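The next block holds one structure in the form of structure tokens; read it before the comments.
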Amino acid sequence: MEREDFIVIHQFCKHHTIEPGFIHLLVEHSIIEVVEWEETFYFHLDYLEIVEKMIRLHVDFSINMEGLAVIFQLLEKNQDLQEELKITKNRLSLFEP
Amino acid sequence: MEFVDYYKVLGIEKSATEADIKKAYRKMARKHHPDLNPNDEKAKALFQGINEANEVLSDPEKRKKYDKYGKDWKHSEEFDRQQQQRQQRGSTRQESFEGYGGEDFSSFFESMFGARGGAGQQRNTSYKGQDYASEIRLNMTDILVSQKQTLTVNGKNIRITIPAGVENGQTIKITGHGGEGANGGPKGDLYISFVIENKSNFKRDGTNLLLDVSIDLYKAILGGELEIETLNSKVKLTVPPGIQSGTKVKLKGKGMPVYKKEGEFGDLIITYQVKIPTNLTEKQKELFTEISKL
Chain A
1 MEREDFIVIH QFCKHHTIEP GFIHLLVEHS IIEVVEWEET FYFHLDYLEI
51 VEKMIRLHVD FSINMEGLAV IFQLLEKNQD LQEELKITKN RLSLFEP
Chain B
1001 MEFVDYYKVL GIEKSATEAD IKKAYRKMAR KHHPDLNPND EKAKALFQGI
1051 NEANEVLSDP EKRKKYDKYG KDWKHSEEFD RQQQQRQQRG STRQESFEGY
1101 GGEDFSSFFE SMFGARGGAG QQRNTSYKGQ DYASEIRLNM TDILVSQKQT
1151 LTVNGKNIRI TIPAGVENGQ TIKITGHGGE GANGGPKGDL YISFVIENKS
1201 NFKRDGTNLL LDVSIDLYKA ILGGELEIET LNSKVKLTVP PGIQSGTKVK
1251 LKGKGMPVYK KEGEFGDLII TYQVKIPTNL TEKQKELFTE ISKL
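Sequences listed follow chains A and B, in order.
When the letters of the first sequence are read in order and numbered with the working numbering, they come out as residues 1 to 97.
When the letters of the second sequence are read in order and numbered with the working numbering, they come out as residues 1001 to 1294.
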């Protein structure tokens, strides 16, 4: 794990003008994971997209954390179904003349 | 530049109240929000239109200007002059979806209100830039080996490596090649989806290739040799005597390359189809009858 692949949470929150509590709620709801190094909390760069998405949904629709957790789960499910659909379509093409 | 009917975009009457607008906007935004419709370019475009309609109709001053000059936007400068005289410029916006492509207003909007609407309180939140989506069409023979390709995205050339064995419908993400971020946010990503066209006789099942091979009755009964073409070479097969129609033979490692696993390949699965001769000559009929009595 390279440290440059991680984002310092307090800097991120300052930059996005959000409360650090928001990130911790995302952790509590198992949406993301954070790590601690030398008393500083970080999240991995891979989570950036989902964190920003959650901020947008929270701000744009006033959705609370419980709602965000449900949306997160449904979006993941949707992604899995899309993947399954792609595989099914490709398999179905085997039977097309 | 075309006139945009913002009332139609939000699905409301011209007489709609502020509450009606807000309600319609929330409903439409929920339906077409890009975060809830990933990789859906149509939803993104619709959302931008909804955002723009709300930007105008939720602001009493902009709405007034739009109602008066909407269809005749070229004369809207006169309205601005009147407004300046009344020193009533400037207002605050209650809500907006800035930062998610919200900067992309139509030319109609920019003509009437300026690039950013000429007013408005901006959220300081910085956001990742807009994600771009692109499609690449390739033939199945193009993906047997990894290859480099140069794409032009928004006037910029991007050199990408297409890994061998990419699937039909697969999407890959090129980080940081999307639109510029808002308020210092990082750049968006580029999503490339692949359409793999198959003009060969092979059918693809994941990493395996399937091929039906016809053999005549005599070879099926007596056995023999057969040469078939794979996607990139030729293979000699020995057909054992007495082979049944539908028998499958697996040629290991002669299928598609395994995605991102260099040197690994799927299999080629051959299904023998025995062709029964038709239009037999009298002599052939006689011989078959004789054999059948043995």
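Heads up, the beta-carbon is just placed ideally off N, CA and C, and yes, glycines get one too.
Predicted model, so just to flag it, every value in this text is computed and none were measured.
The beta strand (DSSP E) enclosing residue i, as first and last residue numbers
{"i": "A:Glu36", "result": "Val34 to Trp37"}
{"i": "B:Lys1203", "result": "Lys1203 to Asp1205"}
{"i": "A:Phe43", "result": "Thr40 to His44"}
{"i": "B:Glu1229", "result": "Gly1224 to Glu1229"}
{"i": "B:Glu1135", "result": "Tyr1132 to Asn1139"}
{"i": "B:Ile1324", "result": "This structure leaves residue 1324 of chain B out entirely; chain B is present only between 1001 and 1294."}
{"i": "A:Val8", "result": "Phe6 to Val8"}
Residue i (DSSP reduced to helix, strand or coil)
{"i": "B:Tyr1259", "result": "coil"}
{"i": "B:Asn1154", "result": "coil"}
{"i": "A:Leu85", "result": "helix"}
{"i": "B:Asn1054", "result": "helix"}
{"i": "B:Lys1236", "result": "strand"}
{"i": "B:Glu1061", "result": "helix"}
{"i": "B:Lys1254", "result": "coil"}
{"i": "A:Ser100", "result": "Examination of residue 100 of chain A is not possible in this model, given that chain A is present from 1 through 97 alone."}
{"i": "B:Val1166", "result": "coil"}
{"i": "B:Phe1003", "result": "coil"}
{"i": "B:Glu1013", "result": "coil"}
{"i": "B:Gln1273", "result": "strand"}
{"i": "B:Ile1143", "result": "helix"}
{"i": "A:Ile31", "result": "coil"}
{"i": "B:Gln1244", "result": "coil"}
{"i": "A:Ile18", "result": "coil"}
{"i": "B:Lys1148", "result": "strand"}
Beta-carbon neighbours of residue i, restricted to chain B and to distances below 8 Å
{"i": "A:Asp5", "result": "In chain order: nothing, as chain B lies at least about 12 Å away."}
{"i": "A:Lys14", "result": "Those within 8 Å of A:Lys14 in chain B number zero; the least Cβ separation is about 11 Å."}
Any C-beta of chain B under 8 Å from that of residue i
{"i": "A:Asp46", "result": "no"}
{"i": "A:Lys86", "result": "yes"}
{"i": "A:Leu57", "result": "yes"}
Closer than 7 Å at the beta carbon, the chain A residues around residue i
{"i": "B:Arg1030", "result": "Phe61"}
Chain A within 8 Å of residue i, Cβ atoms only
{"i": "B:Lys1203", "result": "yes"}
{"i": "B:Glu1290", "result": "no"}
{"i": "B:Leu1210", "result": "yes"}
{"i": "B:Thr1092", "result": "Note on B:Thr1092: pLDDT 34, under 50, position unreliable in the model; no value is reported."}
{"i": "B:Tyr1100", "result": "Only weak support is given to the placement of B:Tyr1100: the predicted model assigns it a pLDDT of 47, under 50, and the question is left unresolved by the model."}
Continuous alpha helix (DSSP H) stretch holding residue i: start and end
{"i": "A:Val51", "result": "Leu48 to Phe61"}
{"i": "B:Val1213", "result": "No alpha helix (DSSP H) holds B:Val1213; the beta strand (DSSP E) holding it covers Asn1208 to Asp1216."}
{"i": "B:Phe1265", "result": "Here B:Phe1265 belongs to no alpha helix (DSSP H), and DSSP marks it neither H nor E."}
{"i": "B:Thr1289", "result": "Glu1282 to Lys1293"}
{"i": "B:Phe1194", "result": "Run containing B:Phe1194: none in the alpha helix (DSSP H); it sits in the beta strand (DSSP E), Leu1190 to Glu1197."}
{"i": "B:Ile1021", "result": "Glu1018 to His1032"}
Contacts that residue i makes with chain B (C-beta to C-beta distance below 7 Å)
{"i": "A:Lys100", "result": "No answer is possible for residue 100 of chain A: the residues shown for chain A start at 1 and end at 97."}
{"i": "A:Leu81", "result": "Here the premise fails: no neighbours, minimum Cβ distance about 12 Å."}
{"i": "A:Leu68", "result": "Those within 7 Å of A:Leu68 in chain B number zero; the least Cβ separation is about 11 Å."}
Chain A residues whose Cβ lies nearer than 9 Å to that of residue i
{"i": "B:Asn1168", "result": "Lys86, Lys89, Asn90 and Ser93"}
**Message:** Measuring CB atoms only, is the region 80-97 of chain A touching the region 44-58 of chain A, in the sense that at least three cross pairs come out at less than 8 Å?
**Reply:** As far as the Cβ criterion goes, the region 80-97 of chain A does not touch the region 44-58 of chain A, which means the pair count is below three.
**Request:** Decide if the region 1184-1198 of chain B is in contact with the region 1009-1024 of chain B; the criterion is three or more beta carbon pairs, one per stretch, under 8 Å apart.
**Result:** Judged by Cβ distances under 8 Å, the region 1184-1198 of chain B makes no contact with the region 1009-1024 of chain B, as fewer than three pairs qualify.
**Message:** Pairs of beta-carbons, one from the region 1264-1279 of chain B and one from the region 1200-1214 of chain B, closer than 8 Å: are there three or more?
**Reply:** Between the region 1264-1279 of chain B and the region 1200-1214 of chain B there are three or more C-beta pairs closer than 8 Å, enough to call the two in contact.
**Prompt:** If we count Cβ pairs, one from each stretch, closer than 8 Å, do we get three or more for the region 1164-1172 of chain B versus the region 1218-1225 of chain B?
**Reply:** Fewer than three Cβ pairs drawn from the region 1164-1172 of chain B and the region 1218-1225 of chain B lie within less than 8 Å of each other, which leaves the two stretches out of contact.
**Prompt:** Contact between the region 51-58 of chain A and the region 14-24 of chain A: three or more CB pairs below 8 Å?
**Reply:** Because the criterion of three Cβ pairs below 8 Å is met, the region 51-58 of chain A and the region 14-24 of chain A touch.
**Asked** Taking contact to mean at least 3 C-beta pairs separated by less than 8 Å, is the region 1171-1179 of chain B in contact with the region 1141-1160 of chain B?
**Response** By the Cβ rule, the region 1171-1179 of chain B counts as touching the region 1141-1160 of chain B, because three or more pairs are nearer than 8 Å.
**Item:** Stretch-stretch touch, CB-based, cutoff 8 Å, three pairs: the region 1042-1051 of chain B with the region 62-69 of chain A
**Value:** The answer is no - the region 62-69 of chain A does not touch the region 1042-1051 of chain B, with fewer than three Cβ pairs under 8 Å.
**Request:** Count the CB pairs spanning the region 1252-1270 of chain B and the region 1278-1289 of chain B that are closer than 8 Å, and state whether there are at least three.
**Result:** Counting Cβ pairs under 8 Å, fewer than three are found: no touch.
**Message:** I'd like to know if the region 1007-1015 of chain B and the region 1053-1063 of chain B are in contact, where contact means that at least 3 CB-CB pairs between them fall below 8 Å.
**Reply:** Yes: the two stretches touch, three or more of their Cβ pairs being nearer than 8 Å.
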